[in-house]
Amino acid sequence: MQSNDSAASFYSEDFLDVDRWFQIADADYEALLKSLNLNTLFPAKAKRLRLLDVGCGTGRFPTLLRPRLEIRAPIIEYDFIDPSPYCLSIMRESLTGPFKAGQALQMCAEDLDVWSKEPVATYDIVWAIHSLCHASAAAIPSIIKSLRNLLAPKTGVGLIYIHSRHSFYTQIHDTYRKVFPTPIAPFMTAEDYAAAFDAAGSPWCEERLHFVHEISVQDDALLESYLHKCILDPTQALFKWWSSAPLRELLEGYRQGEVYRFPQQVALFQFNF
Ligand SMILES: C[S@@+](CC[C@H](N)C(=O)[O-])C[C@H]1O[C@@H](n2cnc3c(N)ncnc32)[C@H](O)[C@@H]1O
Numbered sequence: 003m004q005s006n007d008s009a010a011s012f013y014s015e016d017f018l019d020v021d022r023w024f025q026i027a028d029a030d031y032e033a034l035l036k037s038l039n040l041n042t043l044f045p046a047k048a049k050r051l052r053l054l055d056v057g058c059g060t061g062r063f064p065t066l067l068r069p070r071l072e073i074r075a076p077i078i079e080y081d082f083i084d085p086s087p088y089c090l091s092i093m094r095e096s097l098t099g100p101f102k103a104g105q106a107l108q109m110c111a112e113d114l115d116v117w118s119k120e121p122v123a124t125y126d127i128v129w130a131i132h133s134l135c136h137a138s139a140a141a142i143p144s145i146i147k148s149l150r151n152l153l154a155p156k157t158g159v160g161l162i163y164i165h166s167r168h169s170f171y172t173q174i175h176d177t178y179r180k181v182f183p184t185p186i187a188p189f190m191t192a193e194d195y196a197a198a199f200d201a202a203g204s205p206w207c208e209e210r211l212h213f214v215h216e217i218s219v220q221d222d223a224l225l226e227s228y229l230h231k232c233i234l235d236p237t238q239a240l241f242k243w244w245s246s247a248p249l250r251e252l253l254e255g256y257r258q259g260e261v262y263r264f265p266q267q268v269a270l271f272q273f274n275f
């Protein structure tokens with residue numbers, strides 16, 4: 003299995019504080035839910051759909067999606083992959099009707115090329131939500147090809163949700179990597195995937211979603227937990243961040259009175275077979 007080690011080790015029971023994280027990051031999923039046409043994606047007349055979730059994490063998106071689906075929503079046979087065994091087990095527990103848990107595989111998006119050459123299934127929907135930022139740059143063209151190959155011909159829909167290089171996610175990650183010696187790999191961004199889609203020459207479309215993450219300046223525990231998750235490195239306590247001029251200036255630049263307002267920009271790519 004290929005893997006980005008820092009991402010793989012952070013997504014474990016020891017480091018993930020999902021309650022604190024989703025207090026802030028649910029904004030990402032709300033923006034995505036607003037932008038998707040759920041009746042088109044999950045038509046009631048379909049009765050049964052096959053879905054593959056690439057980099058499934060702990061299942062926050064299907065959990066928020068479930069109450070938005072119509073009562074008559076089709077059964078969604080849900081396969082999922084992730085390099086983190088912890089995420090795979092939490093994900094399985096979180097899937098309830100209309101989602102029906104299927105195959106769970108411990109693997110990275112980079113490994114899909116082998117699988118997609120002789121797919122065990124073709125999917126009505128393949129999505130990768132906030133996960134492909136962890137892939138390696140060299141693997142992006144083959145990841146796009148694999149995701150396409152896994153789609154049902156003509157009708158399958160592929161979705162990639164990934165932050166832009168103009169987002170706070172990228173800014174804080176890049177600044178942190180310059181300040182602290184760390185093995186953390188740079189994030190891949192929406193712009194890297196747009197360039198690879200262009201080079202591949204097959205049809206795709208993209209929408210940019212904008213939202214803000216707000217944290218009270220009084221809430222040091224929440225700020226520290228949020229920043230650690232943004233950069234996938236819990237080793238530096240918040241006071242060490244403040245002692246670095248570039249990090250302090252970046253954070254203070256987004257302070258408005260008693261609140262930090264971190265602007266995020268995320269791309270939603272849609273493509274077919
Ligand atoms: C920010 S979380 C998003 C999880 C989930 N999709 C969600 O939105 O809640 C990123 C996920 O990508 C997984 N991941 C890390 N490297 C990956 C890779 N190379 N390929 C696929 N997934 C990866 C991590 O283990 C983690 O579960």
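Sequential numbering of the sequence shown, starting at 3, is according to our numbering.
Built from N, CA and C at the ideal position, the CB exists for glycine as well.
Nothing here was measured: the structure is a model prediction, and the numbers come from that model.
Nearest residue (CA-CA) to residue i, options the options
i       : options                               : result
Glu-72  : Glu-15, Lys-49 and Arg-167            : Lys-49
Phe-170 : Ala-239, Ala-27 and Arg-52            : Ala-27
Pro-85  : Lys-231, Pro-188 and Ser-11           : Ser-11
Phe-276 : Arg-22, Pro-45, Leu-134 and Ser-37    : An answer regarding residue 276 cannot be provided, because it is not within the stretch 3 to 275 covered by the chain.
Thr-184 : Gln-238, Leu-51 and Ser-96            : Gln-238
Glu-193 : Gly-99, Pro-205 and Thr-172           : Thr-172
Pro-265 : Ile-233, Gly-255 and Met-93           : Gly-255
Asp-19  : Cys-232, Ala-103, Ser-133 and Arg-263 : Cys-232
Met-109 : Lys-47, Asp-235, Gly-59 and Leu-252   : Gly-59
Ile-146 : Phe-182, Cys-135 and Ala-198          : Ala-198
His-136 : Gly-99, Ile-186, Glu-95 and Pro-69    : Ile-186
Lys-119 : Ala-103, Met-93, Ser-148 and Arg-263  : Ser-148
Asp-235 : Met-93, Ile-92, Phe-182 and Lys-47    : Phe-182
Glu-15  : Ala-141, Gly-104, Ile-92 and Leu-161  : Ile-92
Arg-22  : Glu-251, Leu-252 and Ile-217          : Ile-217
Test item: CB-CB of residue i and residue j under 8 angstroms
i       : j       : result
Ala-154 : Thr-124 : yes
Leu-34  : Tyr-163 : yes
Ala-111 : Gly-57  : yes
Thr-191 : His-215 : no
Asp-55  : Phe-24  : no
Tyr-31  : Leu-53  : no
Ala-202 : Pro-143 : yes
Tyr-13  : Tyr-88  : yes
Pro-248 : Lys-180 : yes
Val-159 : Leu-51  : no
Asn-274 : Pro-188 : no
Phe-63  : Ile-78  : no
Gly-61  : Leu-114 : no
Arg-70  : Leu-40  : yes
Bridge partner(s) assigned by DSSP for residue i
i       : result
Tyr-88  : Per DSSP, none; premise fails for Tyr-88.
Leu-270 : Tyr-163 and Glu-209
Gln-258 : Val-261
Ile-145 : According to DSSP, which records beta bridges pairwise, Ile-145 is partnered with nothing at all.
Ala-106 : Phe-82
Val-128 : Leu-54 and Gly-160
Glu-216 : Arg-263
Leu-153 : Tyr-125
Ile-77  : Arg-50
Phe-101 : Ile-78
Tell me, please, whether the segment 200-212 touches the segment 250-264 by the rule of three or more beta-carbon pairs shorter than 8 angstroms.
Contact between the segment 200-212 and the segment 250-264 is absent, because fewer than three Cβ pairs lie under 8 angstroms.
Flag this pair as touching only if the segment 143-154 and the segment 168-176 have three or more C-beta atom pairs under 8 angstroms; answer yes or no.
Counting Cβ pairs under 8 angstroms, fewer than three are found: no touch.
Examine the Cβ distances between the segment 220-232 and the segment 266-273 and report whether three or more of them are shorter than 8 angstroms.
They do not touch, by the three-pair rule.
Hey, is the segment 127-135 in contact with the segment 233-243, meaning 3+ C-beta pairs nearer than 8 angstroms?
Verdict: no, contact absent.
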